[in-house]
Structure formats: structure tokens, C-alpha cells
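Take a look at the structure set out below.
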Amino acid sequence: MDLKEYLKQKCQLVDQALERYLPDANELPASLHSAMRYSVFAGGKRVRPVLMLAASEAVGGSADAVMPAACAMEMIHTYSLIHDDLPAMDNDDFRRGNPTNHKVYGEATAILAGDALLTEAFILLSNGTGGDPAARLRVIQEIAVASGSRGMVGGQVVDMESEGRHDVDLATLSYIHTHKTGALIRASVRCGAILGAATEEQFKSLTRYADAIGLAFQIADDILDVEGTTEELGKDAGSDQARGKATYPALMGLEASKARAHELVEIALDALATFDERAEPLRAIASYIVKRKS
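Using the numbering used here, read the sequence shown as starting at 5 and increasing by one per residue.
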């Protein structure tokens, strides 16, 4: 399949929906709504919403029913990036080739823009997620857990606590990656499956797929931080090493990290063995994860 064209089409649909769902930049408080939109439309790849749409399609669901939840997931992901870039955390000046939110709007507004995006996501989930009420509740629970202290936020905390330490083991590193990055990717795929009315067996298979690509995605990010350029990444290359972050290349070496990422892609593809051609986008995305340059 032509993954580039598939991603382009899905990203356009997601962007059109986000344009509808987000508050207008002129609506009061205009500075806050402008800051929210600035980061949401700063050029993201929309990996998480696209995965949700693709997972639903793989089990026979429709994109329309999934779109509100897919957009909510992108809002949550964007909020996490705004906060991740703050001086109190990673202190980054650039994100996706643009000045980070706090560099444009100030730290206070950036914090509040992230808070507002997280809240807006759950407004959208409670108002507009497709499926029956039980499926809607299940999706809200899935995304809430993935976003909180047992998911993304928990992974972020352990990531910060591990900076500069030389005693970080593989179990701790795996915890960081599967929570900080993997939790939202896992939830994206599982929510697509839920809203697409997957069977229990399909749901389990898609969960195995998601767990594998979630970890592969972050290992690939670790590798890109070493091998990529600032222009390719849209942020400072080598920043992980400069901060003493716990990464796979730092712990295992570059070649072993690449081998592990490719192994995880094979695990992901194997999890889709019983799916038909409707899962082809998911297969292509798994391979794309370790080949991307940004």
C-alpha cells in the first residue's frame, strides 16, 4: 500500500476535525485558545489518531465514529508535549521546527494551554465519541488511565528521576518507554478496536501489536536523537545525551537498540497474522516506525 498517501489523507481528516472541535482563536480568552491551537497545528504526524482510525478499520469499523476520540487523543498528546518542553522539565526551545509554546506565549499560558487541551479532550470524549454507551465509557476509562500516573505521566516522572543516573537498569528503562510513550499508543489502538466493535480475540491481538510498536517507537526516537539532525527532528539533536537521559542506545548501544526495534516490529506484524487486508495500514505503520527520520 502507499503509506505516504494513506497518512496524508488521514492527517487531513484529523486536522479538519480538530479545526471543528477546538475553540476558535478569537474566542475569549483569546490568548489561551491561540496557544492551544498553536501547538495542535504545529505540524504533528498525527501518529496516535491515525493508529486509532486504522485499528478501527482493521476490524470493520468506520472512521467517522472514531474521529472524536482520535482528536481527543491528539489533544492529550499535544498537551503532554507542551508541558514536556517547559523549563521545569526538558527546557526545549523548538518543537517540530517551531519555537515551543512557552517561548511564544510564556510559561504560565503554556501550562494552562496544556491543562485546557487535556480537559477539552475529555469534553470531546464525553460528548462525541461514537459507539454504544458501554463502549464510550470503556474508551474514556482507557484514555484516562493511559494519560495519568499509571501511564504517560508516571513514565514522565520516572524519566525525569532517572536523568543523570548511571544505575538505571533495563526494567526501569522499559517502564519509562512503555508508559511515557507506549501508553498513549496502546490506548489509541485499543480504543480504535473498541469503537470498531472488535472481537475479544481481535482486541487481544491488537493489544499485542500496540505494545510492540509503542516500545519500538520510543526506541526509534532514542536512535534518532543520536543519528538524526536538528533539521530532521525539528528539535535539538543529541538532547537526550546532553541531559543524561535513560535511553536504549545509552544502555544497550546503538546496534543492539536497532536490533531490538526491528524485533519488536516483527512481533507487531506477527500479532496481525490473522487479520485481512484491512489491517494493511497497521502493518505499514509498524515498518515505518523504525525507518522514519523524524
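Even glycine gets a Cβ: it sits at the ideal position worked out from N, Cα and C.
Status (buried if at least 16 other CB within 10 Å, exposed otherwise) for residue i
i: PRO72; result: buried
i: PHE221; result: buried
i: LEU85; result: buried
i: GLU124; result: buried
i: MET5; result: exposed
i: SER261; result: buried
i: ASP97; result: exposed
i: THR278; result: exposed
i: GLU61; result: buried
Start-to-end residues for the alpha helix (DSSP H) that takes in residue i
i: PHE207; result: 204 to 231
i: ARG169; result: Element bounds for ARG169: n/a, residue is neither H nor E.
i: MET71; result: 67 to 88
i: PRO27; result: Per DSSP, PRO27 belongs to no alpha helix (DSSP H) and is neither H nor E.
i: ASN41; result: The question names Asn, yet the displayed sequence has Arg at residue 41. 34 to 44 is the extent of the alpha helix (DSSP H) around ARG41.
i: GLU61; result: 51 to 62
i: GLU281; result: First-last for GLU281: undefined, no H or E at that position.
Top-ranked residue by Cα proximity to residue i, from the options
i: ALA74; options: SER209, ASP280 and TYR25; result: TYR25
i: ARG282; options: LEU129, HIS37 and ALA67; result: ALA67
i: MET164; options: LEU188, GLY196 and ILE180; result: ILE180
i: LEU273; options: ASP229, ILE217, ARG264 and ALA138; result: ILE217
i: PHE126; options: ALA114, ALA112 and ARG142; result: ARG142
i: ALA290; options: ALA58, SER38, PHE45 and LYS14; result: ALA58
i: THR305; options: PRO53, SER130, LEU36 and HIS87; result: The question about residue 305 has no answer here: the residues shown for the chain are numbered 5 through 298.
i: THR104; options: ASP89, MET56, ALA275 and LEU116; result: ASP89
i: SER209; options: GLY200, LEU219 and ARG194; result: ARG194
i: PRO27; options: PHE45, PRO285 and VAL54; result: PHE45
i: ARG140; options: HIS87, LEU199, ALA175 and ALA117; result: LEU199
i: LEU219; options: MET56, ALA21, LYS14 and VAL294; result: VAL294
i: HIS170; options: ALA288, MET256, ILE223 and THR203; result: MET256
Closer than 7 Å: residue i CB and nearest the ligand MN heavy atom
i: ARG190; result: What this structure holds is no ligand at all, so the ligand MN is not there to describe.
Cβ shell of residue i (< 6 Å), same chain only, five flanking positions each side left out
i: LEU121; result: MET40, MET79, THR82 and TYR83
i: ILE271; result: ALA216
Own chain, CB closer than 7 Å to residue i, minus 5 neighbours either side, in chain order
i: ALA2; result: In the structure as shown, the chain begins at 5 and stops at 298. Residue 2 is therefore absent and cannot be evaluated.
i: LEU116; result: LEU36
i: GLU31; result: HIS37
Residues bridged to residue i (per DSSP)
i: ARG99; result: ASN102
Cβ shell of residue i (< 8 Å), same chain only, five flanking positions each side left out
i: GLY47; result: ARG100, GLY101, ASN102 and GLY238
i: ILE189; result: VAL51, ARG52, LEU55, ALA214, ILE217, GLY218 and PHE221
i: LEU129; result: PRO72, ALA73, ALA76, ARG140, VAL143, ILE144 and ILE147
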